[in-house]
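Worksheet: the structure to be examined is printed underneath.
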Amino acid sequence: MLIVMKPGATDAEVDSVVRIIEELGYKAHPMPGATRTAIGITGNQTSVDASHFENLAGVAEAIRVSKPYKLISLDLRPEKTVVRVGDAAIGGEELAIIAGPCAIESRAQAFSIAEAVRRSGARFFRGGAYKPRTSPYAFQGLGEEGLRILAEIRETYGLKIVTEALDENGIDLVERYGDVIQIGARNMQNFSLLRRAGKSSLPILLKRGLSATLDEWLLAAEYIMSEGNYQIVLCERGIRTFAQHTRNTLDLASIPAVRRLSHLPVIVDPSHGTGKNYMVTPLARAGVAVGADGLIVEVHDQPEHALSDGAQALTLSQYEELVSEVRAIHEVIMPATVG
Ligand code: PEP
Ligand code: MN
Numbered sequence: 031m032l033i034v035m036k037p038g039a040t041d042a043e044v045d046s047v048v049r050i051i052e053e054l055g056y057k058a059h060p061m062p063g064a065t066r067t068a069i070g071i072t073g074n075q076t077s078v079d080a081s082h083f084e085n086l087a088g089v090a091e092a093i094r095v096s097k098p099y100k101l102i103s104l105d106l107r108p109e110k111t112v113v114r115v116g117d118a119a120i121g122g123e124e125l126a127i128i129a130g131p132c133a134i135e136s137r138a139q140a141f142s143i144a145e146a147v148r149r150s151g152a153r154f155f156r157g158g159a160y161k162p163r164t165s166p167y168a169f170q171g172l173g174e175e176g177l178r179i180l181a182e183i184r185e186t187y188g189l190k191i192v193t194e195a196l197d198e199n200g201i202d203l204v205e206r207y208g209d210v211i212q213i214g215a216r217n218m219q220n221f222s223l224l225r226r227a228g229k230s231s232l233p234i235l236l237k238r239g240l241s242a243t244l245d246e247w248l249l250a251a252e253y254i255m256s257e258g259n260y261q262i263v264l265c266e267r268g269i270r271t272f273a274q275h276t277r278n279t280l281d282l283a284s285i286p287a288v289r290r291l292s293h294l295p296v297i298v299d300p301s302h303g304t305g306k307n308y309m310v311t312p313l314a315r316a317g318v319a320v321g322a323d324g325l326i327v328e329v330h331d332q333p334e335h336a337l338s339d340g341a342q343a344l345t346l347s348q349y350e351e352l353v354s355e356v357r358a359i360h361e362v363i364m365p366a367t368v369g
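For the sequence shown, our numbering gives the first residue as 31, with consecutive numbering after it.
Next up, the structure:
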């Protein structure tokens, strides 16, 4: 159920609806919007009786939600969510660029890449301290030492840090050193991790699972939101198909598909989405052209020596060129995607 308040409803009227929802044993999710506040109700196993709300002061209507998700949907919030990370944002008018290495390998490596990322005007730096590797013998990341390097980069360059947490304990650590918690493709349906992310005060970057449908991906975001964390960015990073010419198939049609259903910002990862250096820039351009709110891109100062994902890493100069190209495309299409 979704309670839509009248445009002029007062805070006290919203509070009293919230109180009644809580007295019924449910959880209330008030979402203030540009023209009205809507209040989502979760925690009910059976349908909620609309008559509890219909005659309350300030209530416009009580709507039964037929879709499997409630909080992430445009029914609850018709305007786009802008995820704010300090003075930076994802989902606003500016194209968000998150760039950096797949993994933090050393202080020198991370700083030389961060320098280029800062120079490009991007506001976010990515880099894994904990890596979900297919082989247990592959480089697993520097762990907490990697997080300390990331925190130093934040301090030095003012870049916001986006880094992956593999488990609940990882979230505790990223909360200490980072700005945005990445939940990787392999963890998209790790429900206990999603619930823990929902209790975090940091925004969550939720990657699409390797074989996830659009509904499964959105329901994973709903898990996070149902715990009270509304700051979520979706990330299309490609899915497994029969194609052999790419590492994954970057499903750019998911961008307008998400847009039609959800108020959440959605970005594109052309690095994991293709796995090949020469494809990253063309697919980054396409991602922005199709209306993505941003990009997450892997960059390395010496791709040939990278400890993970070297084949898809852009060189610093390729990255610089990508940024100027995608900014130009964003300028052209922005009026169509804002609002
Ligand atoms: C990554 O961003 O380096 C990563 C492991 O991504 P994904 O979860 O999309 O594979
Ligand atoms: Mn990677």
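Beta carbons are placed, not taken as given, at the ideal position from N, Cα and C, and that holds for glycine.
The model shown is predicted, which means the values in this text are computed figures rather than measured ones.
By the Cβ rule, the stretch 296-306 does not count as touching the stretch 106-119, because fewer than three pairs are nearer than 8 angstroms. Taken atom to atom, the span from the alpha-carbon of residue 201 to that of residue 252 is near 18 angstroms. Excluding sequence positions up to five before and after residue 187, its CB lies within less than 8 angstroms of the CB of 144, 145, 147, 148 and 155, all in the same chain and listed in chain order. Between the ligand PEP and residue 130, a heavy atom-to-CB distance of less than 7 angstroms is absent. Residue 49 counts as exposed, since fewer than 16 other beta carbons sit within 10 angstroms of its beta carbon. Within the same chain, Cβ atoms closer than 6 angstroms to the Cβ of residue 83 are found at 33, 89 and 92, the five residues on either side in sequence being excluded. The alpha carbon of residue 205 has as its nearest neighbour, out of 311, 355 and 177, the alpha carbon of 177. Residue 338 has its CB nearer than 7 angstroms to a heavy atom of the ligand MN. Beta bridge pairing from DSSP links residue 218 with no other residue.
Residue 234 and residue 217 do not touch by the CB rule: their CB atoms are close to 11 angstroms apart, not below 8 angstroms. DSSP places residue 317 in the helix class (H, G or I) of the three-state scheme. Per DSSP, residue 143 lies in no beta strand (DSSP E) segment; the continuous alpha helix (DSSP H) that holds it begins and ends at 137-149. Counting C-beta atoms within 10 angstroms of its own C-beta, residue 199 has fewer than 16 neighbours from the protein chains shown and is therefore classed as exposed. Contact check between the stretch 337-357 and the stretch 127-137: three or more CB pairs, one atom from each, fall below 8 angstroms, which counts as touching.
Between residue 122 and the set 323, 306, 87 and 68, the nearest pair of CA atoms involves 323. For residue 326, the closest of 43, 45, 219 and 210 by C-alpha to C-alpha distance is 210.
Residue 89 is bridged by DSSP to 35. CA-CA distance, residue 275 to residue 353, rounds to 25 angstroms.
The Cβ neighbour count for residue 335, taken over all protein chains shown within 10 Å, is under 16; the residue is labelled exposed. DSSP places residue 115 inside the beta strand (DSSP E), whose first and last residues are 113-115.
Nearest C-alpha to residue 310 among 126, 256, 158 and 329: 329.
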